[in-house]
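One structure is given here, and the rest of the page talks about it.
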């Protein structure tokens, strides 16, 4: 585990206000989901998950086919498709469009994909103003922070934090009422929507048979982003494809319920191309950016490629006992929680944060609530194996391997095991049920670290075998 | 075209596929339409909208519709969409209701100024309390989005059971429109301390009027 990871975790654990905020928010989302997928209200829930998994599997296994079909249909409706391998290529596409349209103001709706590639910073670097319009994203953009949670980006902030940032950045004095804060953001952003030259959105789904981008939201900012400006650019990871518009009947039933417990979010926009003949409003230009940025690399592993099925509902974060303690900012990348723990090492290499796949109790809650049935614990185990395989030569791992080899040797030989446990009971560490201290010579770095976080049961004075023997003898 | 070709090449290599290789038959789309009598659908639609803090009316005559809309738009400037149904109902002739916009600039100006936007809806989805808005010359996008209040008036026969029926009727919405929007309740956010606030960007007030 890197020192940064360790330090961020410690800081989060020590912050009792933050602990409460995470606990309350995720707890509320968990209970909303539970009600929404209850068999009394959604008897088809498990069938929907199975169907969603089958559709995603089929799409990812044939991704090139669906990408080309999607592209054909976008073009057929008068839109444009841009294929980008890197963050820089995406920025170049947007800058090119902005230059041609003489644009200076861009409004953005929430998109994890653009967070992933730091699009705002790249555009601002070239003198464009790029404004986040989802309330939570707007606040964290003003604070220059990363989203704390996939669906609740400002989960870690209180109304007082918001009052502070509004005072500093908007010159609004001491407004601590949440409703008033929301209306301040509405006024500031409404003006931006009406003046913006370009709207940039992400995409919850790309529909191959329609060439459509589907956006799911509650505030209406994605609708404004894609309706008011003359140009709409959707930036989407290539894995967002599903084959048919009809498949939305499956996915939309799962996404809102898993994320926030809503049967449907307030707005679902199905957008396929620029405005058509006779329409009074809507964008004149419609662009879709298909982003690779590491996704093709993930396809190489037939098992782990299921990580790309994710529809970013956030349910695995809410249900993860680790996320609920260490929070979103402890994670090394914009994607946090269990899904972050499996995709970060695959995008950036397992050595980017070797502790990440180990930051899990493997309880399996994430897999149980995942609407597309990604087997997250299994992938975590595979990634752990990869970390260890790469670190084979490290002295500490060699020592660990030697220790476990010795353990295996003893444990697979009954006589030897009996003798060893007897010795341990006699001379080994003592404690009230658990080992609190080990003899000095053993209390070194790795052992101490191990014991600081775990309870090792103290050896019983008599082993089961000994007790059994005594009973037999009676 | 360089990035496109490189990406497709890498995807195919990592999946072990050849260019243009057709996939096996995909799992069939899952469309299950329950049989629910019309009155039950209407009741469910109105109940769901009310549960989301929307206001509702099940009208049995044109005058009932007009009275309801007139009550809300009295003293409140309003924009009505170009939907023929609203004209038939006489809504576009109500005092203070502007309609018939064909120019984007004027429409934007009006929508930003008024308090109420009035539209019809192509469908309603009974099981979620959802309005389906298909953009067309008759239905601009901004009318149901920019003013702080939204009134949707639609005939009872357009109340469907749910998403499955919608996508059974419109398997390819892109063939008909550039934008299909589902609206389920008033605009909302809970981004600050998970406290619910309505009307953050879209209308915070929504009325659904179903006409028999």
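Residue numbers (the working numbering), protein chains in the order written: chain Z, 5 to 478; chain W, 848 to 1059.
Even glycine gets a Cβ: it sits at the ideal position worked out from N, Cα and C.
(message) Distance cutoff 8 Å, beta carbons only. Does residue 228 (chain Z) sit that close to anything in chain W?
(response) As a first step, residue 228 (chain Z) must be located in the first chain, where it is residue number 224. Judged by the 8 Å Cβ criterion, residue 228 (chain Z) is in contact with chain W.
(request) Look at the alpha carbon of residue 866 (chain W) and the alpha carbon of residue 245 (chain Z), and state the distance between them as a whole number of angstroms. (result) As a working mapping, residue 866 (chain W) is identified with position 19 in the second chain. As a working mapping, residue 245 (chain Z) is identified with position 241 in the first chain. Roughly 18 Å separates the two Cα atoms.
(message) Distance check for residue 164 (chain Z) and residue 4 (chain Z), CA to CA, integer angstroms please.
(response) For chain Z, the structure presents residues 5 to 478; residue 4 (chain Z) sits outside this window and is missing.
(request) Please work out which residues of its chain come closer than 7 Å, Cβ to Cβ, to residue 156 (chain Z), disregarding the five sequence neighbours upstream and downstream, and give them in chain order. (result) If you number the first chain from 1, residue 156 (chain Z) lands on position 152. 29, 140, listed in sequence order.
(message) Just checking: is the beta-carbon of residue 854 (chain W) within a distance shorter than 8 Å of some beta-carbon in chain Z?
(response) Within the second chain, residue 854 (chain W) is the residue found at index 7, counting from 1. True, the Cβ-Cβ gap to chain Z drops below 8 Å.
(request) Report the three-state DSSP secondary structure of residue 902 (chain W) (helix, strand or coil). (result) Here residue 902 (chain W) corresponds to residue number 55 of the second chain, with the count starting at 1. Three-state result, residue 902 (chain W): strand.
(message) Is it buried or exposed, residue 879 (chain W), if we count other Cβ atoms within 10 angstroms and call 16 or more buried?
(response) As a first step, residue 879 (chain W) must be located in the second chain, where it is residue number 32. Residue 879 (chain W) is exposed by the Cβ-count criterion.
(request) Please decide whether residue 156 (chain Z) counts as near chain W, where near means a Cβ-Cβ distance under 8 Å. (result) Taking the first residue of the first chain as position 1, residue 156 (chain Z) is located at position 152. Chain W contact via Cβ: present.
(message) Using the Cβ count rule (16 or more neighbours within 10 Å means buried), how would you classify residue 378 (chain Z)?
(response) Along the first chain, read from residue 1 onward, the residue named residue 378 (chain Z) stands at position 374. Buried, by the Cβ-count rule.
(request) Whole angstroms is fine: what's the gap from residue 984 (chain W)'s alpha carbon to residue 284 (chain Z)'s? (result) Walking along the second chain from the start, residue 984 (chain W) turns up at place 137. Walking along the first chain from the start, residue 284 (chain Z) turns up at place 280. Cα to Cα, residue 984 (chain W) sits roughly 6 Å from residue 284 (chain Z).
(message) Tell me the rounded alpha-carbon separation between residue 304 (chain Z) and residue 862 (chain W).
(response) Taking the first residue of the first chain as 1, we reach residue 304 (chain Z) at position 300. Taking the first residue of the second chain as 1, we reach residue 862 (chain W) at position 15. Going by the C-alpha atoms only, they are around 7 Å apart.
(request) Go ahead and pull the three-state DSSP assignment for residue 289 (chain Z). (result) Residue 289 (chain Z) sits at position 285 when you count from the first residue of the first chain. Residue state, collapsed to three classes: strand.
(message) Looking at chain A, is there any beta carbon in it that lies within less than 8 Å of the beta carbon of residue 241 (chain Z)?
(response) Reference to chain A is not applicable here, since the protein chains of this structure are Z and W.
(request) Tell me, to the nearest whole angstrom, how far the beta carbon of residue 995 (chain W) is from that of residue 1050 (chain W); I am working on the premise that it is less than 8 Å. (result) Position 148 of the second chain, counted from the first residue, corresponds to residue 995 (chain W). Position 203 of the second chain, counted from the first residue, corresponds to residue 1050 (chain W). With 8 Å as the limit, residue 995 (chain W) and residue 1050 (chain W) qualify as a contact, their Cβ atoms being about 6 Å apart.
(request) May I ask you to verify whether the region 955-964 of chain W touches the region 973-983 of chain W, counting CB pairs closer than 8 Å and requiring at least 3? (result) no
(request) Would you kindly check if the distance between the Cβ of residue 198 (chain Z) and the Cβ of residue 232 (chain Z) is under 8 Å? (result) What you label residue 232 (chain Z) is simply residue 228 of the first chain in a count that begins at 1. What you label residue 198 (chain Z) is simply residue 194 of the first chain in a count that begins at 1. Yes; because the gap between Cβ atoms is below 8 Å, this pair is in contact.
(message) Using beta carbons (cut-off 8 Å, strictly below), is residue 274 (chain Z) in contact with chain W?
(response) Looking up residue 274 (chain Z) in the first chain gives position 270. Answer yes: the Cβ-Cβ gap between residue 274 (chain Z) and chain W drops below 8 Å somewhere.
(message) In the DSSP output, which residue or residues are listed as bridge partners for residue 867 (chain W)?
(response) What you label residue 867 (chain W) is simply residue 20 of the second chain in a count that begins at 1. In DSSP, residue 867 (chain W) forms no bridge with anything.
(request) Kindly give me the distance between the Cβ atoms of residue 240 (chain Z) and residue 211 (chain Z), rounded to whole angstroms, as I take these residues to be in contact under 8 Å. (result) Along the first chain, one-based indexing puts residue 240 (chain Z) at 236. Along the first chain, one-based indexing puts residue 211 (chain Z) at 207. Incorrect: roughly 11 Å between the Cβ atoms, too far for contact.
(message) Which complete alpha helix (DSSP H) runs does the region 997-1041 of chain W hold, if anything under 4 residues is left out?
(response) 1010-1016
(request) Just grab the DSSP bridge partners of residue 463 (chain Z) for me. (result) Your numbering for residue 463 (chain Z) matches position 459 in the first chain. None; residue 463 (chain Z) has no bridge partner.
(message) Helix, strand or coil, according to DSSP, for residue 339 (chain Z) in the structure here?
(response) Taking the first residue of the first chain as position 1, residue 339 (chain Z) is located at position 335. Residue state, collapsed to three classes: coil.
(message) Check whether the region 943-962 of chain W and the region 200-210 of chain Z are in contact - that is, three or more C-beta pairs closer than 8 Å.
(response) no
(message) I need the straight-line Cα distance from residue 567 (chain Z) to residue 926 (chain W), nearest angstrom please.
(response) For residue 567 (chain Z) there is no data in the structure shown, the boundaries of chain Z being 5 and 478.
(message) If we require 3 or more residues per run, which beta strand (DSSP E) segments fall completely within the region 952-999 of chain W?
(response) 963-966, 970-972, 977-981
(message) For residue 121 (chain Z), tell me which candidate among Z:98, Z:105, Z:273, Z:473 has the shortest Cα-Cα distance.
(response) Reading the first chain from its first residue, position 117 is the one you call residue 121 (chain Z). Of the candidates Z:98, Z:105, Z:273, Z:473, the one whose C-alpha sits nearest the C-alpha of residue 121 (chain Z) is Z:98.
(message) Using only the alpha-carbon positions, how far apart do residue 278 (chain Z) and residue 384 (chain Z) sit?
(response) Here the question's residue 278 (chain Z) lines up with position 274 in the first chain. Here the question's residue 384 (chain Z) lines up with position 380 in the first chain. If you take the alpha carbons of residue 278 (chain Z) and residue 384 (chain Z), they lie about 42 Å apart.
(request) Check each candidate in Z:142, Z:366, Z:447, Z:229 and name the one with the smallest Cα separation from residue 174 (chain Z). (result) Counted from its first residue, the first chain places residue 174 (chain Z) at position 170. Per the Cα distances, Z:142.
(message) Please classify residue 27 (chain Z) as buried or exposed, where buried requires at least 16 other C-beta atoms within 10 Å of its C-beta.
(response) Taking the first chain and counting its residues from 1, one reaches residue 27 (chain Z) at position 23. Residue 27 (chain Z) is exposed by the Cβ-count criterion.
(message) Let me confirm a value: residue 454 (chain Z) is counted as buried when at least 16 other C-beta atoms fall within 10 Å, else exposed. Which label applies?
(response) Numbered from its first residue, the first chain carries residue 454 (chain Z) at position 450. Residue 454 (chain Z) comes out exposed.
(request) Please check if any C-beta of chain W sits within less than 8 Å of the C-beta of residue 20 (chain Z). (result) Here residue 20 (chain Z) corresponds to residue number 16 of the first chain, with the count starting at 1. No, residue 20 (chain Z) lies away from the interface with chain W (no Cβ there is under 8 Å from its Cβ).
(request) Output the distance between the C-alpha atoms of residue 257 (chain Z) and residue 905 (chain W), rounded to the nearest integer angstrom. (result) Residue numbering aside, residue 257 (chain Z) sits at position 253 when the first chain is read from its first letter. Residue numbering aside, residue 905 (chain W) sits at position 58 when the second chain is read from its first letter. In a straight line, the C-alpha of residue 257 (chain Z) is about 27 Å away from that of residue 905 (chain W).
(message) Would residue 820 (chain W) pass as an interface residue toward chain Z - the criterion being a Cβ-Cβ separation below 8 Å?
(response) Residue 820 (chain W) lies beyond the residue range present for chain W, which begins at 848 and ends at 1059; the question has no answer from this structure.
(message) For residue 336 (chain Z), count the other beta carbons within 10 Å of its own beta carbon; 16 or more makes it buried, fewer makes it exposed. Which is it?
(response) Here residue 336 (chain Z) refers to the residue found at position 332 when the first chain is read from its first residue. Buried.
(request) For residue 396 (chain Z), count neighbouring C-beta atoms within 10 Å of its own C-beta (all shown protein chains included) and say buried if the count is 16 or more, exposed if not. (result) As a working mapping, residue 396 (chain Z) is identified with position 392 in the first chain. By the neighbour-count rule (16 or more Cβ atoms within 10 Å), residue 396 (chain Z) is not buried but exposed.
(message) Against chain W, with Cβ distances strictly below 8 Å, would residue 254 (chain Z) count as a contact?
(response) Residue 254 (chain Z) sits at position 250 when you count from the first residue of the first chain. Yes, its Cβ sits closer than 8 Å to a Cβ of chain W.
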